[in-house]
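To keep things clear, I will list the structure first and then write my remarks on it.
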């Protein structure tokens, strides 16, 4: 399973690399992983829900704009050390497609970061804003996260080596809706398996 | 007939007075206060490119508010959450000067907002929300902090033999960016409110 995931990620990266072959900037691509616990309103009180990548992909599908399958991957894609954009990649029939979902899902940095002396670590506050805009049961959230970015040399065969975000960890708290019900969230968002792609 | 009319008038007046009394009881505005406690850790950028940690508590917040030039709170000043009729609280500072108690609204400098609705547990005994605390202090110290807030409901004696069901304690656990003495900082920690009482 892990091997399959890695293969899918590599294929997605290759697709990212080939879809914009004219520009020559280098992006860092990481696999994004959301693990959120929600306390959600019910008619009689509150209950706990778990929101992970597959739920976010399902909510994106509920916009009607996408039809991501169960093997679709959520990615952080960032260039020039900027806050990443969210994209979804999937392999279907041997073909990899990568879709920018930033119309529904975005990440912004709030305030100013703090850096370690050797630049190996950066601490930032990130805001994750997701809303599928579904009038028949909106799912979305605003999350604020204390974010630690671990930097190092990222090497990708055929592309080279670049100092960038190797992995990222954000401890988040926030508020939103799960299928229309108000929900308070806490949890973690991480990015890992950094690879370089030429845009 | 005249007696009957007089009696009717008396009864009507009595009923009107009763109605007024009942209305006044319904419209009774209750304010409560809770002791507020900030215990934050700030990771602060140093001028030589490194980092250091600073502990930020009530006295630092009061010092930052004094540094705006608008106030001159003493060492014994108490930071309080004040809530009117169970609404979202705002911050006041209470201090006793020459046996005279003064209460100062500082909500222009230390602001509390709730970006979305709360989730209410069964019978609203426990409630959850996201609270945003913003300090606009002087001397280069400020922050914006998002906290996962849990509020516990209990009885507050009203002094006339009755009880008021209100949030008797709360805690907000979270993080956010800001500055300490002008240097970039990332804050994390806890804000709590306890010892609720009628004000």
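Chains as they are written, first to last, in my numbering: chain A, 149 to 347; chain B, 77 to 275. Idealized CB from N, CA, C, for every residue including glycine.
Select from the options the residue whose C-alpha is nearest the C-alpha of residue i.
| i | options | result |
| --- | --- | --- |
| residue 171 of chain B | B:165, B:164 and B:179 | B:179 |
| residue 189 of chain B | B:182, B:197 and B:165 | B:165 |
| residue 100 of chain A | A:185, A:234, A:240 and A:342 | Outside the displayed range of chain A (149 to 347) lies residue 100 of chain A, so it cannot be described from this structure. |
| residue 313 of chain A | A:323, A:244 and A:339 | A:339 |
| residue 127 of chain B | B:115, B:269, B:186 and B:260 | B:260 |
| residue 194 of chain B | A:257, A:346 and A:187 | A:187 |
| residue 280 of chain B | B:116, B:271 and B:123 | Because chain B in this structure spans residues 77 to 275, residue 280 of chain B falls outside the shown range and cannot be described. |
| residue 242 of chain A | A:229, A:287 and A:219 | A:219 |
| residue 273 of chain B | B:200, B:156, B:152 and B:104 | B:156 |
| residue 268 of chain A | A:305, A:297, A:252 and A:317 | A:297 |
| residue 279 of chain A | A:209, A:272 and A:287 | A:287 |
For chain A, find out if any of its Cβ atoms is closer than 8 Å to the Cβ of residue i; answer yes or no.
| i | result |
| --- | --- |
| residue 123 of chain B | no |
| residue 104 of chain B | no |
| residue 224 of chain B | yes |
| residue 245 of chain B | no |
| residue 140 of chain B | no |
| residue 210 of chain B | no |
| residue 130 of chain B | no |
Please list the terminal residues of the continuous alpha helix (DSSP H) segment that includes residue i.
| i | result |
| --- | --- |
| residue 155 of chain B | Where residue 155 of chain B is concerned, there is no enclosing alpha helix (DSSP H), although the beta strand (DSSP E) it sits in stretches over 154-160. |
| residue 208 of chain A | 201-209 |
| residue 136 of chain B | 134-142 |
Where do the ends of the beta strand (DSSP E) carrying residue i lie?
| i | result |
| --- | --- |
| residue 260 of chain B | 259-274 |
| residue 319 of chain A | 308-326 |
| residue 184 of chain A | 174-190 |
| residue 110 of chain B | 107-121 |
| residue 255 of chain A | 253-263 |
| residue 342 of chain A | 329-346 |
| residue 278 of chain B | There is simply no residue 278 of chain B to check, as chain B begins at 77 and stops at 275 in what is shown. |
| residue 176 of chain B | 176-181 |
| residue 302 of chain A | 288-304 |
| residue 278 of chain A | 269-279 |
| residue 151 of chain B | Premise fails: residue 151 of chain B is in no beta strand (DSSP E) and is neither H nor E. |
| residue 217 of chain B | Taken as a continuous stretch (DSSP letters only), residue 217 of chain B belongs to no beta strand (DSSP E), as it is neither H nor E. |
| residue 224 of chain A | 221-227 |
| residue 188 of chain B | 186-189 |
| residue 233 of chain A | 233-240 |
| residue 173 of chain B | 166-173 |
Hey, residue i and residue j are a contact pair by Cβ (cut 8 Å); roughly how many whole angstroms apart?
| i | j | result |
| --- | --- | --- |
| residue 138 of chain B | residue 169 of chain B | 7 Å |
| residue 224 of chain B | residue 321 of chain A | 4 Å |
| residue 192 of chain B | residue 323 of chain A | 4 Å |
| residue 253 of chain B | residue 260 of chain A | 6 Å |
Can you give me the Cβ contacts of residue i inside the same chain, cut-off strictly under 7 Å, excluding the 5 residues immediately before and after it?
| i | result |
| --- | --- |
| residue 140 of chain B | 211, 213, 214, 215 and 217 |
| residue 130 of chain B | 118, 120 and 256 |
| residue 158 of chain B | 107, 109, 165, 166, 168 and 275 |
| residue 319 of chain A | 293, 294 and 336 |
Establish whether the CB of residue i and some CB of chain B are separated by less than 8 Å.
| i | result |
| --- | --- |
| residue 334 of chain A | yes |
| residue 343 of chain A | no |
| residue 284 of chain A | no |
| residue 274 of chain A | no |
| residue 194 of chain A | yes |
Could you name the residues of the same chain whose beta carbon sits closer than 6 Å to that of residue i, not counting the 5 residues immediately before and after it, in chain order?
| i | result |
| --- | --- |
| residue 240 of chain B | 106, 232 and 234 |
| residue 268 of chain B | 113 and 247 |
Closer than 8 Å by C-beta to residue i: which residues in its own chain qualify, once you throw out the five before and the five after it? Chain order, please.
| i | result |
| --- | --- |
| residue 144 of chain B | 185, 212, 213 and 214 |
| residue 142 of chain B | 148, 149 and 214 |
| residue 166 of chain A | With a pLDDT of only 43 at residue 166 of chain A, under 50, the local geometry of the prediction cannot be trusted, and no value is derived from it. |
List the residues of chain E that residue i touches, going by C-beta distances under 9 Å, in chain order.
| i | result |
| --- | --- |
| residue 206 of chain B | Within the model displayed, chain E is absent; protein chains A and B are what it includes. |
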